[in-house]
Amino acid sequence: MTVVNKTYINSSGIKVLEYIPPVSIMLDLPHILTLGKILSINMPYLKLEKKIVGHDIVAIRLIDFEDENGIVTLYVQELKSKKTYYLSANMDYDGDMWMWSLADYKTLTCSTN
């Protein structure tokens with residue numbers, strides 16, 4: 005990954021992504037619970053995924069990220085199984101329907117600090 009100082013402004017004129025070198029991004033996508041969150045490579049997060057029946061919660065770590073053509077892609081690894089895959093989100097989507105979301109400790113505990 006080559007990180008350059010760049011941002012993504014969506015079609016509504018809102019800055020939803022900003023690269024923070026060397027290993028972080030600020031992602032502001034409410035539909036995946038990353039409202040103003042800084043995501044960093046190698047940090048742990050909980051992924052909540054909607055299934056046909058119920059939800060799946062799994063601990064993951066962020067391996068890498070990229071954005072292209074309005075899509076942000078997060079490469080992740082499950083902490084327990086070591087399985088790797090990617091999650092993607094359309095940065096121009098402004099609805100409230102979601103298939104997956106991410107949460108860090110601060111989000112889960114509703115901490116404001």
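Under our numbering, think of the first position of the sequence shown as 5, with each following residue one higher.
Think of the CB as a built atom: it goes at the ideal place given N, C-alpha and C, for glycine as much as any other residue.
Note that the coordinates shown come from a computational prediction; the quantities given were computed from them, not determined experimentally.
Near the ligand SAM: residue i beta-carbon under 7 Å from a heavy atom
| i | result |
| --- | --- |
| residue 68 | You won't find the ligand SAM in this model; it holds no ligand whatsoever. |
Where residue i falls: helix, strand or coil (DSSP)
| i | result |
| --- | --- |
| residue 26 | coil |
| residue 49 | strand |
| residue 109 | helix |
| residue 67 | strand |
| residue 18 | coil |
| residue 56 | coil |
Supposed contact pair residue j and residue i - C-beta distance, whole angstroms, cut 8 Å
| i | j | result |
| --- | --- | --- |
| residue 66 | residue 50 | Their Cβ separation, rounded to whole angstroms, is 12 Å, which puts residue 66 and residue 50 out of contact at 8 Å. |
| residue 96 | residue 15 | 5 Å |
Candidates the options: closest to residue i by CA position
| i | options | result |
| --- | --- | --- |
| residue 34 | 10, 15, 73 and 20 | 20 |
| residue 79 | 101, 57, 102 and 48 | 48 |
| residue 22 | 62, 63 and 74 | 74 |
| residue 76 | 90, 59 and 64 | 90 |
| residue 92 | 26, 106 and 82 | 106 |
| residue 3 | 72, 69, 82 and 110 | Nothing about residue 3 can be reported from this structure: the residues present for the chain run from 5 to 117 only. |
| residue 108 | 99, 85, 62 and 70 | 62 |
| residue 86 | 56, 53 and 64 | 64 |
CB contact flag (residue i, residue j, <8 Å)
| i | j | result |
| --- | --- | --- |
| residue 40 | residue 30 | yes |
| residue 102 | residue 36 | yes |
| residue 71 | residue 12 | yes |
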